[in-house]
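**Student:** My numbering applies: residue 6 is where the sequence shown begins, and numbers increase by one.
C-beta: ideal position from N, C-alpha, C; glycine also.
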Amino acid sequence: MKVNNKSTVFAASFLGFSCLPSVSHADMNWHSESLTYQYGKEFKVDARTVQTITFEHASDWSWGDVYLFMDNNWYPGGGTYNDGHHSIYSELAPRLSLGKVFDSKLSFGPVKDVLIASSFEWDKNEKHGTHDQVNYLLGPGFDLDLPGFDYFQLNFYYRKPDGGVAPSGQWQITPVWSYTIPIGRSDVVIDGYMDWVVNNKGTYHSNLLFNPQIKYDLGKHFGYEPKRFYAGVEYNNWTNKYAIKDTRAFDTDQNVTSLIVKVYF
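1) State the Cα-Cα distance for the pair Thr-208 and Ile-249, rounded to the nearest angstrom.
2) Give the DSSP bridge partners of Val-194, in chain order.
3) If you reduce the DSSP assignment to three classes, tell me which class Val-238 lands in.
4) Compute the distance between the beta-carbons of Val-266 and Ala-236, then report whether it is under 7 Å.
5) Locate the beta strand (DSSP E) running through Gly-144, then write down its first and last residues.
6) To the nearest whole angstrom, what separates the beta carbons of Ser-95 and Met-75, a pair I think is in contact under 8 Å?
7) Given Trp-79, which residues of its chain have a CB within under 6 Å of its CB, disregarding the five upstream and five downstream residues?
8) Please name the residue, chosen from Gly-146, Lys-49 and Glu-61, that lies closest to Gly-69 on a Cα-to-Cα basis.
9) Out of Gly-197, Asn-245 and Ser-211, which one is the CA nearest neighbour of Ile-219?
10) Would Tyr-44 be called buried (16 or more neighbouring beta carbons within 10 Å of its own) or exposed?
11) Checking 7 Å against the spacing of the C-beta atoms, do Leu-143 and Phe-125 come in under that value?
12) Give a single yes or no on whether Asp-196 has its beta carbon closer than 6 Å to a heavy atom of the ligand GDP.
13) Which residues in the same chain as Thr-262 place their Cβ atom closer than 6 Å to its Cβ, once the five residues preceding and following it in sequence are excluded?
14) Along the chain, where does the beta strand (DSSP E) containing Lys-129 start, and where does it finish?
15) Going by Cα to Cα distance, which pick from Pro-99, Val-119 and Ser-173 is closest to Asn-105?
16) Are the Cβ atoms of Phe-215 and Asn-245 separated by less than 7 Å?
17) Where do the ends of the alpha helix (DSSP H) carrying Leu-103 lie?
18) Should Pro-152 be labelled buried (16 or more other beta-carbon atoms within 10 Å of its own) or exposed?
19) Using the C-alpha atoms, what's the distance from Asp-192 back to Asp-137?
20) Hey, quick one: how far does the beta strand (DSSP E) through Ser-276 stretch, first residue to last?
21) Note down the Cα distance separating Gly-286 from Asp-155, rounded to an integer number of angstroms.
22) If I follow the unbroken beta strand (DSSP E) through Thr-54, where does it start and stop?
23) So the beta strand (DSSP E) Leu-111 belongs to, where does it begin and stop?
24) Which value, in whole angstroms, describes the spacing of the CA atoms of Ser-67 and Thr-179?
25) Is DSSP giving Lys-246 helix, strand or coil here?
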């Protein structure tokens, strides 16, 4: 992969921030890992049917928090790439809490904390390996205290691509949330995120990905340990998928509901 000087500088800054806590006080408060299986149909651009196994990690530290996920996607065919293939997409998103680092309350209004948010995105697709996409994202983040929500984050990013076809200078807004509703003998959890790339650059168009999950705590329902085993659906609404403009000739507006099962360990 060819890397220009600007990309190198941005990557170095990103990695420097990401590694900052390792040389300072870094106690872990909690961590969580899970595996999710997802099956859905009527996807756009890629094959119509997609099966995905996702590994997720979340942790809270004395300096901030970390979120990591990796999607392993299998496409049996029937779409633009109709002979079936496999892809991996992953994100690593550490956030540095200014309130924790400076041991100071930075709350005001609904804001609980102010953070420096970053994310590293990596897309490996065996069907177009010469165009693997890597993105570095950096910007301000906010933890909000909203009634009823387990958590609500709001992150603003500047996107710096490295490789692939995406241009420089994209801006992204990403809210992340979780909301729990007690129902009968158990709970329904509604969580997810939205990625909104807000500006056009040449053939790279503004796009919005809205991706919530609605999950029922089956373990709690049957008298086992709660917050371990869930089943439900994931809704994926992606306007201008992959930043490709939706047209009458090429439909890139995706609207899919998939079945999911999720296990925490």
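**Tutor:** Let's see:
1) Your numbering for residue 208 matches position 203 in the sequence shown. Your numbering for residue 249 matches position 244 in the sequence shown. Taking the straight line joining both Cα atoms gives about 7 Å.
2) Locating residue 194 in the sequence shown gives position 189, counting from the first residue. Beta-bridge pairing links Val-194 to Thr-185 and Lys-220.
3) Working through the sequence shown from its first residue, we reach residue 238 at position 233. In the structure shown, Val-238 sits in a strand (DSSP, three-state: E or B).
4) Here residue 266 refers to the residue found at position 261 of the sequence shown. Here residue 236 refers to the residue found at position 231 of the sequence shown. In this structure, Ala-236 lies closer than 7 Å to Val-266 by Cβ.
5) Working through the sequence shown from its first residue, we reach residue 144 at position 139. 138-149 is the span of the beta strand (DSSP E), which, as asked, contains Gly-144.
6) What you label residue 95 is simply residue 90 of the sequence shown in a count that begins at 1. What you label residue 75 is simply residue 70 of the sequence shown in a count that begins at 1. Indeed, because the Cβ distance is near 4 Å, the residues count as touching under 8 Å.
7) Residue mapping note: residue 79 aligns to position 74 of the sequence shown, counting from 1. Result list for Trp-79: Gln-56 and His-91, in chain order.
8) Within the sequence shown, numbered from 1, the residue matching residue 69 stands at position 64. Answer by Cα proximity: Gly-146.
9) Residue mapping note: residue 219 aligns to position 214 of the sequence shown, counting from 1. Ile-219 has its Cα closest to that of Gly-197, out of Gly-197, Asn-245 and Ser-211.
10) On the sequence shown, residue 44 is found 39 positions in, with the first residue counted as 1. That one is exposed.
11) On the sequence shown, residue 143 is found 138 positions in, with the first residue counted as 1. On the sequence shown, residue 125 is found 120 positions in, with the first residue counted as 1. Result no, Cβ atoms of Leu-143 and Phe-125 do not sit closer than 7 Å.
12) Looking for the ligand GDP in the displayed structure turns up nothing, as the structure carries no ligands at all.
13) By one-based count along the sequence shown, residue 262 stands at place 257. Excluding positions up to five away in sequence, the list reads Val-238 and Tyr-240.
14) Locating residue 129 in the sequence shown gives position 124, counting from the first residue. Its beta strand (DSSP E) spans residues 116-130.
15) In the sequence shown, counting from the first residue as 1, residue 105 sits at position 100. One point to set straight first is that residue 105 is Lys, not Asn, in the sequence displayed. Closest by alpha carbon: Val-119.
16) Working through the sequence shown from its first residue, we reach residue 215 at position 210. Working through the sequence shown from its first residue, we reach residue 245 at position 240. Result no, Cβ atoms of Phe-215 and Asn-245 do not sit closer than 7 Å.
17) Reading the sequence shown from its first residue, position 98 is the one you call residue 103. Looking at the DSSP string, the run of the alpha helix (DSSP H) that includes Leu-103 is 103-106.
18) By 1-based counting over the sequence shown, the position of residue 152 is 147. It is exposed - the Cβ of Pro-152 has fewer than 16 other Cβ atoms within 10 Å.
19) Numbered from its first residue, the sequence shown carries residue 137 at position 132. Numbered from its first residue, the sequence shown carries residue 192 at position 187. Whole-angstrom Cα-Cα distance: 40 Å.
20) Nothing about residue 276 can be read from this structure; the chain reaches only from 6 to 270.
21) Since the first residue shown for the chain is 6 and the last is 270, residue 286 is missing from the structure and cannot be characterised.
22) Taking the first residue of the sequence shown as position 1, residue 54 is located at position 49. Taken as a continuous stretch (DSSP letters only), Thr-54 belongs to no beta strand (DSSP E), as it is neither H nor E.
23) Taking the sequence shown and counting its residues from 1, the one referred to as residue 111 is at position 106. It is not in any beta strand (DSSP E) - Leu-111 carries neither H nor E in the DSSP assignment.
24) Here residue 67 is taken as the residue at index 62 of the sequence shown, counted from 1. Here residue 179 is taken as the residue at index 174 of the sequence shown, counted from 1. If I take the Cα positions, the gap works out to 23 Å.
25) Here residue 246 is taken as the residue at index 241 of the sequence shown, counted from 1. Of the three classes helix, strand and coil, the one that applies to Lys-246 here is helix, per DSSP.
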